[in-house]
Structures are given as structure tokens and as C-alpha cells.
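Since the structure comes first, as C-alpha cells, the remarks are kept for the end.
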Amino acid sequence: MNSKIQDPLLRRIRLHADKRLTFTPDTAPGERLKQLKEYMRLEQEMLHRYHEKGDGGLRVAKARTMMMDVLIEHLFQNAMAVYAQKKGPPPYPVAMLALGGYGRAELCPLSDIDIMFLYPKRARREALKPLQEIMSDEILYPLWDLGLKVGHSSRTVRETISEAKADVQTLNALLEARLICGDTDLFNEFEKTYRRYYERTDHRAYAKERLADQAERREKYGGSVFLQEPDIKNGVGGLRDYQNILWMAEVRLSDGSLDALVAKNFLSPDERAHLLAAYDFLLRVRNEVHFNSKRATDTLSLEGQPTIAWALGYKQHDIFRRVEAFMHDYYRHANYIYQTSKLLEQRLAFSNLDSNRGYTFQAVLNSRRMDRQKHLDGFLISPGTLSAESSRVFKDEKTRIIRVFRYLQQFDLQPDLDLRVLISQSIHLIDSRLMHNESANRTFRSILQTRGNVYPTLLLMHETGVLGRFIPEFGDITCLVQHEFYHRYTADIHTLNTIRKLDEVFRVEGNYGQKYHKALVATETPALLYLILLVHDLGKTEGVEGHCTSGVRVAEPILKRMGIDEKRRKIILTIVRNHLEMARFWQRLDIDDPRTIASFAELVEDEDILRYLYVHTYCDASGTASSLWNSYKDSLHDNLFRATLEFLHHEPDAIAKRRKERKSMIYREIIERRLSDIEKDQIDAHFNLLPERYFIHNDADDIILHIRMVNELLETISEADSIGSLVPVVDWRNDEDQGLTVVNIVTWDRAGLFYKLAGALTVAGVNILSTKAISRNDHITIDTFYVVAPDGGPVQNSMAEASFRQHLEQALLHNVNLMPAIKEQAARLANSFGSDSKNRLRAPIPAKVDVYHELSLKRTIVEVQANDHLGLLYQLGYAIFKHGYDISFARISTERGAALDTFYIEPTRPHTASNTDTLVPLRDAIERIIARDQFEAAG
Numbered sequence: 001m002n003s004k005i006q007d008p009l010l011r012r013i014r015l016h017a018d019k020r021l022t023f024t025p026d027t028a029p030g031e032r033l034k035q036l037k038e039y040m041r042l043e044q045e046m047l048h049r050y051h052e053k054g055d056g057g058l059r060v061a062k063a064r065t066m067m068m069d070v071l072i073e074h075l076f077q078n079a080m081a082v083y084a085q086k087k088g089p090p091p092y093p094v095a096m097l098a099l100g101g102y103g104r105a106e107l108c109p110l111s112d113i114d115i116m117f118l119y120p121k122r123a124r125r126e127a128l129k130p131l132q133e134i135m136s137d138e139i140l141y142p143l144w145d146l147g148l149k150v151g152h153s154s155r156t157v158r159e160t161i162s163e164a165k166a167d168v169q170t171l172n173a174l175l176e177a178r179l180i181c182g183d184t185d186l187f188n189e190f191e192k193t194y195r196r197y198y199e200r201t202d203h204r205a206y207a208k209e210r211l212a213d214q215a216e217r218r219e220k221y222g223g224s225v226f227l228q229e230p231d232i233k234n235g236v237g238g239l240r241d242y243q244n245i246l247w248m249a250e251v252r253l254s255d256g257s258l259d260a261l262v263a264k265n266f267l268s269p270d271e272r273a274h275l276l277a278a279y280d281f282l283l284r285v286r287n288e289v290h291f292n293s294k295r296a297t298d299t300l301s302l303e304g305q306p307t308i309a310w311a312l313g314y315k316q317h318d319i320f321r322r323v324e325a326f327m328h329d330y331y332r333h334a335n336y337i338y339q340t341s342k343l344l345e346q347r348l349a350f351s352n353l354d355s356n357r358g359y360t361f362q363a364v365l366n367s368r369r370m371d372r373q374k375h376l377d378g379f380l381i382s383p384g385t386l387s388a389e390s391s392r393v394f395k396d397e398k399t400r401i402i403r404v405f406r407y408l409q410q411f412d413l414q415p416d417l418d419l420r421v422l423i424s425q426s427i428h429l430i431d432s433r434l435m436h437n438e439s440a441n442r443t444f445r446s447i448l449q450t451r452g453n454v455y456p457t458l459l460l461m462h463e464t465g466v467l468g469r470f471i472p473e474f475g476d477i478t479c480l481v482q483h484e485f486y487h488r489y490t491a492d493i494h495t496l497n498t499i500r501k502l503d504e505v506f507r508v509e510g511n512y513g514q515k516y517h518k519a520l521v522a523t524e525t526p527a528l529l530y531l532i533l534l535v536h537d538l539g540k541t542e543g544v545e546g547h548c549t550s551g552v553r554v555a556e557p558i559l560k561r562m563g564i565d566e567k568r569r570k571i572i573l574t575i576v577r578n579h580l581e582m583a584r585f586w587q588r589l590d591i592d593d594p595r596t597i598a599s600f601a602e603l604v605e606d607e608d609i610l611r612y613l614y615v616h617t618y619c620d621a622s623g624t625a626s627s628l629w630n631s632y633k634d635s636l637h638d639n640l641f642r643a644t645l646e647f648l649h650h651e652p653d654a655i656a657k658r659r660k661e662r663k664s665m666i667y668r669e670i671i672e673r674r675l676s677d678i679e680k681d682q683i684d685a686h687f688n689l690l691p692e693r694y695f696i697h698n699d700a701d702d703i704i705l706h707i708r709m710v711n712e713l714l715e716t717i718s719e720a721d722s723i724g725s726l727v728p729v730v731d732w733r734n735d736e737d738q739g740l741t742v743v744n745i746v747t748w749d750r751a752g753l754f755y756k757l758a759g760a761l762t763v764a765g766v767n768i769l770s771t772k773a774i775s776r777n778d779h780i781t782i783d784t785f786y787v788v789a790p791d792g793g794p795v796q797n798s799m800a801e802a803s804f805r806q807h808l809e810q811a812l813l814h815n816v817n818l819m820p821a822i823k824e825q826a827a828r829l830a831n832s833f834g835s836d837s838k839n840r841l842r843a844p845i846p847a848k849v850d851v852y853h854e855l856s857l858k859r860t861i862v863e864v865q866a867n868d869h870l871g872l873l874y875q876l877g878y879a880i881f882k883h884g885y886d887i888s889f890a891r892i893s894t895e896r897g898a899a900l901d902t903f904y905i906e907p908t909r910p911h912t913a914s915n916t917d918t919l920v921p922l923r924d925a926i927e928r929i930i931a932r933d934q935f936e937a938a939g
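Residue 410 in my numbering sits at position 410 of the sequence shown, and the numbers go up by one each step.
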């Protein structure tokens with residue numbers, strides 16, 4: 001056996017084992033375990049060194065397999081000697097088999113060890129029992145003592161067949177069974193019997209089950225190769241995709257190897273080399289992940305990617321550049337495995353050809369001559385399928401390589417396997433002349449005008465490589481990692497996801513489809529948004545910062561090349577330049593303020609552009625991450641759209657008149673309700689003491705609630721020692737439709753009110769989404785906070801409201817500092833969720849503070865980006881108060897551990913108004929707060 005080991009690394013492992021593992025049946029268990037642990041420690045250190053110097057994933061995995069083989073072999077020989085000492089000769093021969101990844105000889109550092117004790121067909125359980133007990137005591141227990149995760153079974157040859165019949169996963173595991181040690185004749189009997197069994201199985205049923213399992217697993221693990229945190233083993237394009245090919249090949253061809261697939265013309269030699277290189281790369285990545293983990297994991301986590309990349313030789317000092325380079329290679333290899341495995345699965349599942357004849361293009365053409373139904377431009381249409389009449393179909397006319405996708409879309413067809421391969425092999429025909437070809441571009445425009453059915457065609461164009469060749473600028477964003485704090489996908493897949501969302505809008509699907517469809521079909525050219533979405537992020541090749549501006553520069557020559565007229569080019573480029581602006585306005589600014597609406601209207605200028613931008617923003621956000629859009633954001637987005645549409649549709653005087661009419665109408669409605677507990681003069685006072693903007697975005701029910709709360713506050717004056725001792729009036733209610741809780745507070749206005757309100761809510765254990773405040777001329781302020789539970793949704797904790805009221809009274813009436821209570825709450829939450837913030841890589845968003853005068857809005861604005869933590873809002877509010885400012889409006893946004901907060905501030909002392917010098921110390925103070933938090937987060 002030793003003479004067959006050619007690799008010096010594997011030979012060294014066996015020699016080390018023979019030297020270090022010297023235990024016998026007479027060796028004390030403690031001494032035996034000591035030898036085993038020392039052997040494991042030294043060999044694992046040696047394997048780590050080989051890995052660090054750049055050995056491939058397969059070689060290191062095979063070496064670890066050999067390490068485990070010789071260790072188990074020594075334990076097995078010792079177990080047989082122990083049995084002979086105690087009982088004499090064994091009643092039956094026994095063989096130890098490796099299964100699964102261990103059977104493939106592909107053990108990563110933390111892989112499970114799956115073994116099977118194999119006995120003859122007719123072995124009797126009673127006679128086996130003493131032997132099995134010694135096997136467990138002398139083999140399994142030492143392996144467990146070494147901290148290994150061991151999966152084990154004990155079966156006769158007959159039982160293995162029964163297990164395989166009952167469970168397809170067992171069938172697959174046994175396909176990879178390998179003899180570790182023991183009786184060779186017994187293993188050969190098993191192999192012969194098992195091969196006879198699976199060669200007689202229903203290959204089509206097995207293939208169908210494999211395809212269903214593949215589809216289910218891929219969907220479970222994200223449905224895309226290009227996830228920000230892929231699963232190396234089970235994810236799309238992961239190790240399991242490659243392994244599934246070999247399982248199917250074993251059953252289909254009786255030889256589960258890449259060499260067999262090449263011999264049968266299922267793979268070319270070049271494809272085999274590329275596939276093996278991709279698999280080796282993924283195994284090397286998995287080895288590195290395991291070497292850096294205490295527990296088995298196959299997720300390439302965002303937090304771990306910088307360290308993994310560095311260890312694998314990506315030495316860029318800029319952390320994001322390093323990760324981008326590493327993940328680009330990961331996606332490239334994983335995508336090759338995915339695309340190749342998908343084609344091979346179909347071929348292995350549905351090929352009717354004799355495996356000895358091979359699988360050639362001409363043979364397949366000949367096999368379907370009898371059932372063809374229709375000729376079309378060099379192609380054949382069969383039910384649900386499009387195929388090529390000749391392997392020269394694209395060479396004879398290059399424009400067909402674009403037109404074929406129009407046929408697939410138009411007739412709702414799928415390319416057969418060989419046509420798909422032929423397309424991928426022909427993309428070199430797409431050159432500059434074809435990119436500028438009028439016919440090809442007209443076809444591509446037709447694809448983009450098929451409302452509700454564009455995504456599947458573009459996805460297929462992308463997967464075959466055609467899209468990135470025909471639009472090389474799109475090719476430049478393929479596999480481009482977006483280490484932004486929102487994005488879950490690479491730039492190319494994000495773009496395609498936005499187009500899938502637009503398909504849903506045109507098909508009026510989902511909770512929001514109806515209204516976005518209505519807005520879009522009101523434009524002159526609704527389907528133009530497909531092209532806008534396709535080009536909107538192409539500027540990211542020059543970096544995320546400023547990609548809207550660079551996107552215009554990248555997109556313009558594409559539009560000219562595609563023959564887009566000047567009028568539509570202007571629309572497209574305007575949207576590309578401003579595609580983040582609509583979300584920025586409602587995320588950051590007070591959209592209840594008419595000045596904000598006027599400013600946004602000035603930006604968009606045109607109703608059609610507004611409608612495109614409205615739907616684009618929804619598709620863009622929804623295509624970024626499934627959880628990014630919710631009813632609360634949708635309501636803000638909708639309010640900005642409708643207010644701006646009204647502004648563009650009417651003259652300013654007409655808008656002012658409509659607002660006055662709305663205020664009068666609400667007033668009449670409230671009077672007609674005849675509120676028994678409220679005098680008319682209280683209602684009149686409320687309408688006279690508040691600015692007009694209050695009545696724009698509050699309906700009659702909201703206003704009645706506020707009037708009642710003000711009335712309750714005024715009634716307590718006689719009972720209070722002073723105005724300062726008045727207990728605030730609080731209304732706390734859940735809004736199930738918006739999925740949040742609305743907290744209204746009415747009290748006397750005073751400096752520092754905002755930070756105390758925010759602090760009390762923080763101690764209550766809720767997350768603040770947004771807030772707005774408005775003061776009457778009699779210094780009564782109405783503050784509204786929109787909050788959610790820590791895990792999202794309305795606050796269901798009955799204690800939260802009581803806690804808020806208690807701590808608010810302490811802060812307002814007794815000037816209690818809430819920071820100690822906030823820290824206590826943070827510690828409690830950390831313990832309850834078992835989290836350790838220092839072990840998390842925070843969202844890749846730079847800490848940033850902007851404090852400036854916005855002349856168009858006549859506002860002083862503070863914008864903060866930082867890692868979020870409990871108490872941050874309280875600290876920011878307190879800093880603003882201490883520097884002589886009050887907060888009149890705040891938009892709070894927390895996403896994936898990052899805070900993006902905007903405050904409108906007003907001076908509490910007249911001399912600070914419009915004085916830029918007073919803003920510098922405020923900015924410095926806030927920078928110190930978030931710098932300290934960034935440092936603490938970094939650990």
C-alpha cells in the first residue's frame with residue numbers, strides 16, 4: 001500500500017503515524033489518547049503550513065483524509081487485537097468504510113467524519129454484538145474524545161441496499177463509499193452488490209429527484225451565486241453542485257468521474273480543467289474558513305471575508321478592494337460550477353442516447369428530426385423548446401445571436417441544452433460591428449419592450465455571456481462586489497433583480513404593484529423604464545461614490561449605439577443622474593414641509609420624470625434586498641410622489657388655495673362631529689395657533705386626538721405647582737397597517753425636549769424610525785414618534801409604554817440623566833440575544849457628519865452616518881441641546897446596524913441664528929461621539 005502513495009505529503013503522514021501511534025491493547029487509555037492528540041495536533045499544524053504556503057484545496061483535503069485514514073486504521077487494528085485477546089477470532093469479517101465527503105477523500109479541517117462498519121449479508125445480530133461493542137469502545141470513543149464530529153452506522157451488505165432504497169441521501173452517500181481498512185473481499189462484495197442495485201434503479205426517476213433536490217436547495221440558499229454571504233458548500237455554485245454531477249454520472253454512466261464525462265463527450269477537456277480548478281478554489285476557501293473557525297461553518301460571512309482574503313493571498317491594504325478582488329474570483333469560479341453543473345444535470349437526466357455512442361451535437365440534431373414542427377430563421381421550434389438547425393447558425397449570420405433571445409421570449413420557449421451551449425461558445429462572434437448593428441439593437445430594444453416578461457430573457461442572456469458581450473459596460477459590473485451597507489447582491493445581479501421587480505409591476509403583482517403600475521402607464525413610454533434600470537448602476541465601475549454622475553457618462557454612448565432618440569436619451573440620463581434623489585429626500589428631509597416639495601419638484605421638473613423616478617426607486621430598493629422595502633417607507637415614498645405631482649400639476653396660487661380649502665374642510669368636519677368633551681373655542685384655538693403645514697399631512701382623526709391631548713394638558717394646570725412640573729400627555733397606539741407603533745406626546749415646549757423623549761423611548765426598548773414635532777404659538781408642542789419593536793413590527797411588549805412614561809417623567813420633571821439606564825438596557829439586550837458586538841464587522845458605511853445651512857429650505861441641517869448602538873440618538877440630541885440648538889424635525893433610519901439620521905435644528909438663543917461659527921463646535925462634538933463609537937465597535 002505504501003508503494004502506491006506518490007505524493008510526498010501523503011507518504012509523510014503515514015510515516016508519522018507509524019512513528020507516533022505505538023499503542024497496543026495493553027496501553028492505558030490515557031496514554032493512548034495522549035498519543036492520538038499529539039499526532040492530530042502535529043499533523044494539523046503541518047497541514048495548515050502546507051495550506052498557508054498555497055497548496056490547493058483538493059491536496060490539503062486529501063492529506064487530511066489520509067491523516068484520518070491512518071489514525072482510524074491504527075484504532076481498527078488495535079480493536080481487532082483487543083477482541084482477539086478477549087474473545088478469540090472474530091465471528092465475521094468486518095470492513096470500515098468512509099462515506100460522503102470522507103469517502104470522496106475531501107475532508108476539510110472541520111468536516112464531519114462519516115464511517116460505516118460493514119458486515120457480511122448473513123451476519124447474525126446476536127453474534128455481532130460483542131464485536132460491535134469493542135468497535136465502539138476502541139474506535140468511536142477515542143474519536144469522540146479527540147473532539148471529532150463522527151457520523152457512524154453499522155450495517156450488513158443487505159442492510160445497505162435496504163437503506164439506499166428508503167433514502168436517496170443514503171444512496172448518494174454510499175455511491176462514494178471507500179474502504180479505509182478491514183476485509184477487502186467484504187468491501188468488494190459490497191461494491192459489486194451495490195453497483196448491481198443502482199444500475200437496475202429507474203435512472204429517470206433518480207435524475208428527476210436529483211433535479212428537484214437541486215432546485216429546492218438552490219432556492220433555499222438564496223437562489224443566486226452572487227450573494228454577499230454565500231454558502232460555500234450548499235449555495236448556488238457551491239461544492240454540492242459539483243458533487244451532484246458526479247452522483248448523477250455514477251448512476252447514469254456507472255462512472256462518477258470527470259474523466260468519464262469527458263470520455264462520453266459530456267465535457268470537453270478544457271471544461272474539465274476549468275471545472276476542476278473552480279472546485280479546487282472553493283475547497284481552498286473552505287479550508288481557510290475552517291482553519292479560522294472553532295465550529296464547522298460554510299458561510300463566507302461578511303465579517304470574515306477581509307481575513308479570509310488576506311490569508312488566501314489578496315494583499316490589498318484597502319479592506320474593500322481586497323474583498324472585492326477575492327469575491328470577484330469566488331463568484332467567477334462558483335458561477336462556472338453552477339452554469340456547467342446545470343447543463344450537465346440536464347444532459348445526464350434527459351439524454352436518451354446510448355452512453356457508449358457519446359453525446360454529440362450532430363447526434364442530437366439527427367435524433368430530433370422526426371419531431372420538429374416549425375422552421376424559423378435557422379432554428380427549430382418544438383413544443384416548449386427552441387433548437388438550432390446547424391452548429392453554424394450563428395457563424396452564418398451573427399445577428400441571430402441576439403435574435404434567438406427574442407424568439408425565446410416571443411414564443412415562450414426554452415433553448416435546448418445544445419443551443420444553450422452553442423450560444424455560450426459563440427459569444428466571441430459579438431464584436432464592435434455587431435454592437436453597433438442597427439438590426440441587432442432593434443431586436444434588443446424589442447426584448448426590453450415586452451412588458452412583464454423581460455427579466456427571464458435578460459437573465460438567460462447574462463448566464464450565457466451574451467449580455468456582457470453585447471453591452472460590455474454591463475460586463476464591467478458583472479461579479480462586481482458592492483460593499484455598501486444596503487446591497488446583498490453583486491452589481492449585475494442587483495440590476496437584473498430591479499428588472500424582475502419591474503416585471504412584477506407590469507403584471508400588477510404584490511402588495512404595491514397596482515399603484516406603481518398606475519403611475520407608470522401614465523407615462524408616454526412605460527417600458528422605457530426597463531432600459532433605465534439596465535443602465536442605472538453602470539457608473540459603479542468607477543466606484544460607488546459619485547456613480548450617479550459617472551453613470552451618465554457611461555450610459556450615454558450605449559444609448560446612442562442602441563439608436564435611442566434624443567428626447568428619450570434625455571429622460572434616461574436625467575433618471576440615471578438622480579436615481580438616488582427621491583429616496584434621499586424622504587429618508588433625510590421633512591416632506592411635510594412645502595419647501596421640501598418645491599425643492600424636489602424643481603429637481604424633477606417634469607411629471608413623466610417624476611413617475612419614472614417613483615417606480616424606479618421602488619424597483620431599485622426592492623431589488624437590493626428583500627427586506628429593504630416596507631409599508632412605512634412606501635408611505636413616505638408615496639407622500640413625496642403625490643405632493644410633488646400636485647405641485648407640478650398646479651400653479652403655486654392654486655396649491656395655496658387647495659390647502660386652505662383642505663384646512664377649512666377638516667375644520668368643518670371636526671365641528672360637525674360635535675365633540676362632547678371639547679369646547680368650540682379649544683378647536684378654534686388649535687386651528688389658529690398652528691401653521692398651515694400641520695393641516696396638510698394630518699387628517700381629522702389625528703387632529704382630534706391632538707386637540708384632546710392638548711385639552712388634557714391644559715386641564716392639569718390647576719393641579720400642578722408650575723408649568724415645568726406638568727406631566728406630559730402620552731398616546732401610545734399600534735398601527736398594524738404600517739407595521740409600527742405611533743407615540744404622540746403633548747407637553748410644554750422646552751430646550752432639550754427631543755433628547756429626553758428619545759432617551760425615554762430607548763430605555764423602553766424600542767427602535768425609533770422617525771419623528772416629527774410641531775409647536776403651537778402658545779408653546780405647547782406636539783411630538784410624534786414612529787417606533788418598532790427590536791425585531792421589527794408594532795411594539796407588543798406591554799411593559800414598554802409604562803417604562804417610557806416613567807423615564808420620561810424622571811427626565812422632564814426631575815432632570816434625571818437617562819444614560820445609565822440606557823447602558824443597562826443595552827447590557828440586558830446583549831445578554832438576552834447572546835450577542836457580542838465586538839465580534840461583528842459593522843456595516844461598511846463611513847462615519848460622517850455634515851452640519852450646514854440649506855438655503856433652498858431655509859433650514860440648518862445636521863446629517864449623521866455612523867454605526868448604530870443603543871443610546872446614540874440620546875447622545876446626539878444632548879450634544880445638539882448643549883450647543884444651543886433645538887431639534888424641530890428628525891428623520892431616523894437604522895438599517896443593518898448603521899444609523900443614518902437627519903435633524904433640522906433651530907437656535908435656542910437668538911445670537912446663534914445663521915452663525916456658521918457656532919456650527920463648527922457642534923460638528924466637532926458629534927464627530928467625537930461617533931468616532932468614539934466607531935473605535936468601541938472595532939474592539
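The beta carbon of each residue, even a glycine, is placed where N, CA and C say it ideally should be.
Can a CB atom of chain C be found closer than 9 angstroms to the CB of L261? As a matter of chain content, chain C is missing from the structure shown, which is built from one protein chain.
By Cβ distance below 6 angstroms, which residues in the same chain neighbour G551 in space, the five residues on each side in sequence not counted? Closer than 6 angstroms at the Cβ level, and outside the excluded window around G551, lie L538, G539, V576.
For C181, write down the residues that DSSP places opposite it in a beta bridge. Under DSSP, C181 forms a beta bridge with M96.
When the Cα of E801 is compared with those of I72, S432, T762, which residue comes out closest? The option with the nearest alpha carbon to E801 is T762.
Is the distance from the Cβ of L628 to the Cβ of R891 below 9 angstroms? The beta carbons of L628 and R891 sit no closer together than 9 angstroms.
Identify every run of the alpha helix (DSSP H) within the region 129-156, keeping only runs that are complete inside it and at least 4 residues long; order them along the chain. If one requires a minimum length of 4 residues, the alpha helix (DSSP H) runs lying completely within the region 129-156 are 141-145, in chain order.
Looking at the unbroken beta strand (DSSP E) that takes in M116, where does it start and where does it end? Annotation: the continuous beta strand (DSSP E) that includes M116 extends over 113-119.
Inside the region 174-254 only - beta strand (DSSP E) runs reaching at least 3 residues: You should have 178-182.
Residues of its chain near N767, where Cβ-Cβ distance is below 7 angstroms and the 5 sequence neighbours each way are ignored: Beyond the five residues adjoining it in sequence on each side, N767 comes within less than 7 angstroms, by CB distance, of V787, V788, P790, T894 in the same chain, given in chain order.
Simplified DSSP state of R368, which is helix, strand or coil: Low per-residue confidence applies at R368: pLDDT is 47, beneath 50, and the placement is therefore not dependable, though the value from the model is reported in the following sentence. DSSP places R368 in coil when its eight states are reduced to three.
Classify L714 as helix, strand or coil using the three-state DSSP reduction. It is helical.
Beta-carbon contacts of S341 that lie in its chain and below 6 angstroms, excluding the five residues immediately before and after: Take S341, set aside five residues on each side of it, and the residues of its chain with a beta-carbon closer than 6 angstroms to its own are D241, I245, in chain order.
Could you have a look at H945 and say whether DSSP puts it in helix, strand or coil? Since the first residue of the chain shown is 1 and the last is 939, residue 945 is not available in this structure.
Distance between V920 and I430 (C-alpha atoms, nearest Å): C-alpha separation (whole angstroms): 57 angstroms.
Tell me the start and end of each unbroken beta strand (DSSP E) in the region 398-473 that is at least 3 residues and wholly inside, in chain order. Those beta strand (DSSP E) runs which fall completely within the region 398-473 and span 3+ residues do not exist here.
State the DSSP-derived secondary structure class of S856, mapped to helix, strand or coil. Residue state, collapsed to three classes: coil.
Rounded separation between D737 and G759 - CA only: Approximately 27 angstroms, taken between the alpha carbons.
For P269, report the span of its beta strand (DSSP E) as first-last. Taken as a continuous stretch (DSSP letters only), P269 belongs to no beta strand (DSSP E), being part of the alpha helix (DSSP H) at 269-291.
Between the Cα of R210 and the Cα atoms of L705, M46, E345, which residue gives the shortest distance? Of L705, M46, E345, the residue nearest in Cα terms is E345.
Does the count of Cβ pairs from the region 9-20 and the region 113-133 closer than 8 angstroms reach three? Short answer: they don't touch.
In the DSSP assignment, find the unbroken alpha helix (DSSP H) run with F754 in it and report its ends. Counted as a single uninterrupted DSSP element, the alpha helix (DSSP H) harbouring F754 occupies residues 753-763.
Roughly how many angstroms separate the alpha carbons of K37 and L146, rounded to a whole number? Within the model, the alpha-carbon separation for K37 versus L146 is close to 7 angstroms.
Leaving out five residues before and five after R158 in sequence, what residues of the same chain have Cβ atoms less than 6 angstroms from its Cβ? Excluding five sequence positions before and after R158, the CB atoms of its chain that fall closer than 6 angstroms to its own CB belong to K121, given in chain order.
Please return the same chain residues whose Cβ sits closer than 7 angstroms to the Cβ of R322, not counting the five positions on each side in sequence. Closer than 7 angstroms at Cβ, skipping near neighbours: P306, A309, W310, Y314, Q316.
Roughly how many whole angstroms lie between the Cα atoms of V734 and L239? First, the amino acid is wrong: residue 734 is Asn here, not Val. Going from the Cα of N734 to the Cα of L239 covers about 47 angstroms.
Does the contact criterion of 3 or more C-beta pairs under 8 angstroms hold for the region 872-892 versus the region 902-909? Three or more beta-carbon pairs separated by less than 8 angstroms link the region 872-892 to the region 902-909, which places the two stretches in contact.
With DSSP run on the structure shown, which of helix, strand or coil describes D565? In the structure shown, D565 sits in coil (DSSP, three-state: anything other than H, G, I, E or B).
For the region 68-86 against the region 159-172, do three or more pairs of beta-carbon atoms, one drawn from each stretch, fall closer than 8 angstroms, so that the two count as touching? In this structure the region 68-86 does not touch the region 159-172; the number of beta carbon pairs closer than 8 angstroms is below three.
With C-beta atoms as the reference, is R7 less than 9 angstroms away from K87? Checking the sequence, you will find Asp at residue 7 rather than Arg. The answer is no: Cβ separation not under 9 angstroms.
Could you compute how far the alpha carbon of Q1006 sits from the alpha carbon of I493? Residue 1006 lies beyond the range of the chain shown here (1 to 939); nothing can be said about it.
Cβ-Cβ separation, G378 to R347 (assumed contact under 8 angstroms), whole Å: Rounded, the Cβ-Cβ distance is 23 angstroms, inconsistent with contact.
Given F647, which residues of its chain have a CB within under 6 angstroms of its CB, disregarding the five upstream and five downstream residues? Hits under 6 angstroms: I597, A601.
Cα separation between E73 and C181? When rounded, the distance between both Cα atoms is 6 angstroms.
If you draw a straight line from the C-alpha of F881 to the C-alpha of R776, how long is it? Taking the straight line from one Cα to the other gives about 20 angstroms.
If you draw a straight line from the C-alpha of K19 to the C-alpha of V70, how long is it? Distance between the alpha carbons of K19 and V70: 12 angstroms.
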